[in-house]
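Below is one structure, written out as structure tokens; the observations come after it.
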Ligand SMILES: Cc1ncc(COP(=O)(O)O)c(C=O)c1O
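In our numbering, the protein residues as written are 7 to 400.
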């Protein structure tokens, strides 16, 4: 009889782990080892030849890491997962696996700054071209896909402008043409959005963010079809080597257990923040998928369980006004990253997206007065009071 499928809140705690396979330890043990011993030369030969299951060397697989990978595959409703030393190690392993010289990548209109940097590097050094697309019309998308497009790469919500891409619509067009759709699901976590259930092929996470949730790990994950994950694990992960440390995987397993509880609180605080910003006279515009007037509100309703824990806004004034505002904050920390217990604020034009040329930033809608907040788990009243006092001083 197959294992009974449990609800998300149960799977984050139990899936991928059996106590009877690990000395009855309640919590997954930390296998902090670089290598594994073979009982004989012949066993070593069989393991290297994939004729026998078993671990060889932690760059090729580790029991603690395997539990994390299996758990994430369950949560994203994919066949298999693979963990990396950073979100960027995951992004680069996937893009290198899916492209070759002469290929083309079609991207959402706005990606994380370092992903943009990687796309530029692939173009300059290896002749792999890319374009950005609004992905808001079937007809336009059909035109933008070239004969040499080898993958579609999407962030939704788009960092930091919170525009959304209709994943089901893109996947439908891409599937017909046999082009894999890769989705960076960092902003949502599988609690809010599961792209594989909408027809997409690969999910990527900067696990540094909500998956970890405690701001103490840099890590990445990918989830997809067994065959693709196997291919990445044996090529762009094994040979480039961006593997996660067992300790970081162990910390992620610990953080994951509270993902639904944390996400509910992040989302609840963010809705309150939206209501506060909406009424404040010094705020010019707000970018939040939970806003009924947001251009992609219907997409949010369709594919996201809740609108998320991130909000961006522009302030009336100049770049300096935005910088003055964040300098006045006392509780809210000035820091890039997101998904932590602490509320964080950053200035994308000079921080996460500083590497993106001004013209591209303009197309992505990243103004000099734009600020992005990752809303934490603190008491809402304290977050509000800190913002109120800072806004009063500018
Ligand atoms: C949407 C998104 N993707 C990928 C990354 C890269 O992840 P990492 O910093 O773990 O390498 C980030 C980092 O901020 C991100 O925000």
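Glycine included, C-beta positions come from ideal geometry on N, C-alpha and C.
Contact between residue 248 and residue 380 does not hold, since the beta-carbon distance rounds to 24 Å and is not under 8 Å. Residue 230 holds the alpha-carbon nearest to the alpha-carbon of residue 190 among 295, 230, 267, 36. Judged by pairs of C-beta atoms under 8 Å, the stretch 165-174 does not touch the stretch 146-156, as fewer than three such pairs exist. Relative to the Cα of residue 333, the nearest Cα in the group 78, 393, 50 belongs to 393. For residue 351, the closest alpha carbon among the candidates 199, 366, 396 is that of 396. Residue 163 and residue 295 have their C-alpha atoms roughly 8 Å apart.
Here the stretch 140-149 makes no contact with the stretch 341-350; the two share fewer than three CB pairs at distances below 8 Å.
The C-beta of residue 37 has 16 or more other C-beta atoms within 10 Å across all chains shown, which makes the residue buried. Remark: the C-beta of residue 362 is outside contact range of ligand 1, defined as less than 7 Å to any heavy atom.
For residue 136, DSSP records a beta bridge to 111.
For a cut-off of 8 Å, the C-beta gap from residue 378 to residue 363 is around 19 Å, too long to register as a contact.
Within the same chain, Cβ atoms closer than 7 Å to the Cβ of residue 297 are found at 280, 303, the five residues on either side in sequence being excluded.
Within the chosen limit of 7 Å, ligand 1 reaches the beta carbon of residue 93 through at least one heavy atom. Contact check between the stretch 43-54 and the stretch 261-268: fewer than three CB pairs, one atom from each, fall below 8 Å, which does not count as touching. For residue 97, the shortest C-beta to heavy atom distance toward ligand 1 is below 7 Å. Membership of residue 93 in the alpha helix (DSSP H) is indicated by the continuous run 93-104. Per DSSP, residue 251 lies in no beta strand (DSSP E) and is assigned neither H nor E. The three-state reading of DSSP puts residue 261 in helix, counting H, G and I together. Distance check between residue 338 and each of 326, 309, 387, 358 places 387 closest, using alpha-carbon atoms only. The straight-line gap separating the alpha-carbon atoms of residue 137 and residue 97 is approximately 17 Å. A distance below 7 Å between beta-carbons, with the five flanking residues on each side excluded, links residue 367 to the following residues of its chain, in chain order: 355, 359.
The criterion of a C-beta distance shorter than 8 Å is not satisfied by residue 132 and residue 311. Of all C-beta pairs linking the stretch 78-95 to the stretch 55-62, fewer than three are shorter than 8 Å, placing the two stretches out of contact. Taking C-beta separations shorter than 6 Å and ignoring five residues to either side along the sequence, the partners of residue 160 in its chain run 114, 171, 189, following chain order. For residue 190, the secondary structure class from DSSP, reduced to helix, strand or coil, is strand. Per DSSP, residue 16 lies in no beta strand (DSSP E) segment; the continuous alpha helix (DSSP H) that holds it begins and ends at 14-20. Contact annotation: residue 89 and residue 75 have beta-carbon atoms nearer than 8 Å. Residue 287 and residue 300 have their alpha carbons spaced roughly 19 Å apart. A distance below 8 Å separates the beta carbons of residue 111 and residue 134.
For residue 30, the number of other beta carbons within 10 angstroms of its own is below 16, and it is reported as exposed. Around the beta carbon of residue 241, fewer than 16 other beta carbons lie within 10 angstroms, which makes this residue exposed. By the Cβ-count criterion, residue 12 is exposed, with fewer than 16 other Cβ atoms from all chains shown falling within 10 Å of its own Cβ. Around the beta-carbon of residue 336, fewer than 16 other beta-carbon atoms lie within 10 Å, marking it exposed. Within its own chain, the residues whose Cβ lies closer than 8 Å to the Cβ of residue 41, once the five positions on either side in sequence are excluded, are 62, 63, 64, listed in chain order.
Per DSSP, the continuous alpha helix (DSSP H) segment holding residue 303 begins and ends at 303-309. Taking all protein chains in view, the Cβ of residue 239 is crowded by 16 or more other Cβ atoms within 10 Å, so the residue is classified as buried.
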